[in-house]
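Protein chains: 2
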Amino acid sequence: MSDVQGLPDLKNVANHQVRLAARPNGLPGPEVWDHTTETVTEPAEGRFVVQVTHVSLDPAMRGWLNDVKSYAPPVGIGEVMRALAAGRVVASNHPDFAVGDVVTGTFGVQEYAESDGAGVQKVHPTDEAGVPTHLALLGMTGMTAYFGLFDVGALRDGETVVVSGAAGAVGSVVGQLAKIKGCRVVGIAGGPEKCAWIVDELGFDAAIDYRAEDVRKALRTAAPDGIDVYFDNVGGEILDAALTRLRHGARVAICGAISTYNATEPPPGPANYMSLLVNRARMEGFLVFDYVEKFPQAAKEMAGWLREGRLHSREDVVSGQVSDFGDVLLRLFRGENTGKLVLQIA
Amino acid sequence: MSDVQGLPDLKNVANHQVRLAARPNGLPGPEVWDHTTETVTEPAEGRFVVQVTHVSLDPAMRGWLNDVKSYAPPVGIGEVMRALAAGRVVASNHPDFAVGDVVTGTFGVQEYAESDGAGVQKVHPTDEAGVPTHLALLGMTGMTAYFGLFDVGALRDGETVVVSGAAGAVGSVVGQLAKIKGCRVVGIAGGPEKCAWIVDELGFDAAIDYRAEDVRKALRTAAPDGIDVYFDNVGGEILDAALTRLRHGARVAICGAISTYNATEPPPGPANYMSLLVNRARMEGFLVFDYVEKFPQAAKEMAGWLREGRLHSREDVVSGQVSDFGDVLLRLFRGENTGKLVLQIA
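Taken in order, these protein sequences are the chains called V and Y.
For the first sequence, the residue numbers in this note's numbering are 1 to 346.
For the second sequence, the residue numbers in this note's numbering are 1001 to 1346.
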């Protein structure tokens, strides 16, 4: 009757999910989430079922919770929370995806996701690059760093690069990529451990602890000749400080503004933006999805650097249930993660 | 003894000057200026003397009064106020400049200026394009509009362009240039007369009176499909409003921020800058001086459009003495001028 692979094992299996219950005001607390359970069903023709093993936790998620027009529609009240994730195909009625395939895609915060394959990548985890690395360095995170730095930042060899959120998923890759290109790299991060990690382990030239230092002053010392590329993940006062140190022709790549995402009042804008005029500099936003056609080439290059030991991927993997998602997400906004934050479904 | 041309007529002629007496806090009032008198002297070899006939009044002047590092050093206390100007050569000891030549250059706010020719242009006023036009459409003002719109704004035919300060010297040229390229052009200006002028005389598609209208709402009507190029002369709330209406891939050219130049408290930054990310847009500052090598070609093109009647230059010429400079400058910051503000030395 049906040539669905794998389904008999799955029938009537419970699928625990996290849904958006209410839009947050400020940090998204437990009241924001609903925990629901559905039953896994047989995939229709051209579809397959993925058992989610790893959920990616990303700052952009906070934006998806707001009911405002943006590059993607907001997550609707009652909908399964949107999330990039990795998993295994456990039932397939799709010619290109077989049971056992390891895949990444926007599967959401749930144990099982059905897909038609749109936006789904098959990945091949190895000892050096496990599944979480395919959500991190070799996934959207790495692509974000790569295209933000090389395309939007238009990096030239030997320039001075400053990156905020430098111990975060994207920032830690940005700095390493700039080092590969022979740049002077300064990372801005929160706390001595993160600062030590990016310098000692990742090879950044200098780190600024924004919790302990006056970033504007510290940049004078760490980037005495000014900044050619500022890669911004945080916004707020740190962006404003970086603007004061731009060199002639500098590029500011706007990747995110995590410092402002949970603000309950409209956050102020970068008061020093006229530095763009004085220094004939540009500030440009980007979204990694726009580069999807160039992902394969970039991922190949990144994988090569990873094999050669020139890039390191660090994942901050938390083991738990999908129901832990809300708590783990808060770690991200509190700056508690180092490297890519991933929820591994136990 | 000397082959200086023209000097005998000039010896012991008084040169009235305006010098910076004190740095302003807010609008530069009369206490900011000193009026001094020197005697015109014989130009040394390789130098010449210009009798200034027209002084250009530009928003950038306000920045030159502040003691901050910028693209140009501040005007020093006691120095003749820096200004672009036009005049006639009245004495020359320079092989390339003859008595009677009409020239433009950074001659300062004074009746006579000595020059070695650096940055000085010979111009050829006609009935259609008199001396003030060579400070306006065919001078730095026109060049600013041309390179800001075409190079920084990377204008493509048929796009939607919004320009602030639209009845000002630069803004009025920007809009006309965009119309020549078949764009939809919306100008933002202060007051019904200016709004009527840019639509009825200059051919803008729409005008928004920022003094009477909610700019953000008005942009929704005037640029219903969003903004491809926003050319900003004013900064502040108008920039912030424009950011909310950017299209995918929009360019914001930062030419100035006149609304903030006389602020006594640090003006807030553009809170909506994250629209750059959502719309993969860029905001870029520029200085016209960087394009100096391309001026001749651009000026030729502009002069052609002027002759063909496709461009109109409007100069708001005030007749007076150099000592009137301070009062005339305030007209600029009060938004009282339409087109290029010029002080003609009576």
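A virtual CB, placed ideally from N, CA and C, is assigned to each residue, including glycine.
For this session: Would you give the residue range spanned by the beta strand (DSSP E) that Y:S1323 belongs to?
Result: Going by DSSP, Y:S1323 is part of no beta strand (DSSP E) at all; its letter is neither H nor E.
Problem set entry | Alpha-carbon to alpha-carbon, Y:T1104 and Y:F1048 | Near 13 Å, if we compare the C-alpha coordinates of Y:T1104 and Y:F1048.
Exercise. Count the other CB atoms within 10 Å of the CB of V:H94; is the residue buried (16 or more) or exposed (fewer)?
Worked result: That one is buried.
Exercise. If you drop the 5 nearest sequence neighbours on each side, which residues of the same chain put their C-beta closer than 7 Å to that of V:A222?
Worked result: The residues are V186, A206 and I208.
For this session: Would you kindly report the start and end of the unbroken beta strand (DSSP E) that includes V:Y291?
Result: Careful: V:Y291 lies outside any beta strand (DSSP E) and carries neither H nor E.
Exercise. In chain Y, which residues lie less than 8 Å from V:N272 when you measure between Cβ atoms?
Worked result: Residues of chain Y whose Cβ lies closer than 8 Å to the Cβ of V:N272 are, in chain order, G1269.
For this session: Out of V:G175, V:R156 and V:G63, point me to the one whose CA is closest to V:F333's CA.
Result: Per the Cα distances, V:G63.
For this session: Going by CA-CA distance only, name the one from V:L330, V:L341 and V:I258 that's closest to V:V32.
Result: Measuring C-alpha to C-alpha distances from V:V32 to each of V:L330, V:L341 and V:I258 identifies V:L330 as the nearest.
For this session: Find the residues of chain V that neighbour Y:M1283, judging by a C-beta separation of less than 8 Å, and give them in chain order.
Result: The contacting residues are Y273, L276, R282, M283 and E284.
Exercise. Can you give, in chain order, each stretch of the alpha helix (DSSP H) that sits fully within the segment 214-279 of chain V and has at least 4 residues?
Worked result: With a minimum length of 4 residues, the continuous alpha helix (DSSP H) runs that stay inside the segment 214-279 of chain V are 215-222, 236-243 and 275-278.
Exercise. Considering only residues of the segment 1055-1128 of chain Y, which uninterrupted alpha helix (DSSP H) runs meet the minimum length of 4 residues and lie entirely inside it, listed in chain order?
Worked result: The segment 1055-1128 of chain Y is shown to contain whole alpha helix (DSSP H) runs of 4 or more residues at 1060-1064, in chain order.
Problem set entry | Exposure of Y:V1292, with buried meaning 16 or more beta-carbon neighbours within 10 Å | The residue is exposed, with fewer than 16 neighbouring Cβ atoms inside 10 Å.
Exercise. In chain V, what lies closer than 7 Å to Y:I1188 by C-beta?
Worked result: Within 7 Å Cβ-Cβ: nothing; Y:I1188 doesn't reach chain V, min ~18 Å.
Exercise. Per DSSP, which one or two residues make a beta bridge with V:G187?
Worked result: In the DSSP output, where bridge partners are listed per residue, V:G187 has V:V163 and V:A207.
Exercise. According to DSSP, which residues form a beta bridge with Y:Q1051?
Worked result: In the DSSP assignment, Y:Q1051 forms a beta bridge with Y:R1088 and Y:Y1112.
For this session: Go through its chain and collect everything with a Cβ distance to Y:M1001's Cβ below 8 Å, but skip five positions before and after it.
Result: Confidence at Y:M1001 is low in this model, with a pLDDT of 40, below 50, so the placement of that residue is unreliable and no value is reported for it.
Problem set entry | Extent of the continuous beta strand (DSSP E) run through Y:I1180 | Taken as a continuous stretch (DSSP letters only), Y:I1180 belongs to no beta strand (DSSP E), being part of the alpha helix (DSSP H) at A1169 to I1180.
Problem set entry | DSSP bridge partner residues for V:M283 (one or two, in chain order) | Per the DSSP secondary-structure output, V:M283 pairs in a beta bridge with V:V252 and Y:M1283.
Problem set entry | Reference V:V162; option with closest CA among V:D232, V:F107, V:F286 and V:P74 | If we check each option's Cα against that of V:V162, V:D232 comes out closest.
For this session: Give me the Cα-Cα distance between V:V342 and V:A136, rounded to the nearest whole angstrom.
Result: Rounded to whole angstroms, V:V342 to V:A136 spans 9 Å at the Cα level.
Problem set entry | Secondary structure of Y:T1041, DSSP reduced to three states | The three-state reading of DSSP puts Y:T1041 in coil, since its state is none of H, G, I, E or B.
Exercise. Any beta-carbon of chain Y closer than 7 Å to the one on V:Y291?
Worked result: No, V:Y291 does not count as interfacial toward chain Y.
For this session: Pull up the distance between the alpha-carbon of V:A85 and that of V:E336, whole angstroms please.
Result: The straight-line gap separating the alpha-carbon atoms of V:A85 and V:E336 is approximately 21 Å.
Exercise. Taking the DSSP output, what are the residues bridged to V:D316?
Worked result: Paired residue(s): V:L341.
Exercise. Going by other Cβ atoms of all chains shown within 10 Å of its Cβ, with 16 needed for buried, is Y:P1224 buried or exposed?
Worked result: Taking all protein chains in view, the Cβ of Y:P1224 is surrounded by fewer than 16 other Cβ atoms within 10 Å, so the residue is classified as exposed.
Exercise. Chain Y partners of V:N233, CB-CB under 9 Å?
Worked result: Here the premise fails: no neighbours, minimum Cβ distance about 11 Å.
For this session: Report yes or no: is there a C-beta of chain Y within less than 7 Å of the C-beta of V:L287?
Result: Yes, V:L287 counts as interfacial toward chain Y.
For this session: Excluding the 5 residues preceding and the 5 following Y:S1323 in the sequence, name in chain order all residues of the same chain whose CB lies nearer than 7 Å to its CB.
Result: If we look at Y:S1323 and ignore the five residues flanking it on each side, its Cβ neighbours are H1016, V1018 and H1035.
Problem set entry | Test: V:Y71 CB closer than 7 Å to a CB of chain Y | It does; some Cβ of chain Y falls within 7 Å.
Problem set entry | Among Y:R1251, Y:E1045, Y:D1096 and Y:Y1112, the one whose alpha carbon lies nearest that of Y:A1014 | The candidate whose alpha carbon is nearest that of Y:A1014 is Y:Y1112.
For this session: State buried or exposed for Y:G1168, treating a residue as buried only when at least 16 other CB atoms are found within 10 Å of its CB.
Result: Buried: at least 16 other Cβ atoms inside 10 Å.
Exercise. Between Y:K1122 and Y:E1315, what straight-line distance do the alpha-carbon atoms span, to the nearest angstrom?
Worked result: Approximately 20 Å between the Cα atoms of the pair.
Exercise. Along chain V, which residues have their Cβ under 7 Å away from the Cβ of Y:A1257?
Worked result: Those are M274, listed as they occur along chain V.
Problem set entry | N- and C-terminal bounds of the alpha helix (DSSP H) containing Y:A1014 | Annotation for Y:A1014: no alpha helix (DSSP H) segment contains it, though the beta strand (DSSP E) segment containing it runs A1014 to L1020.
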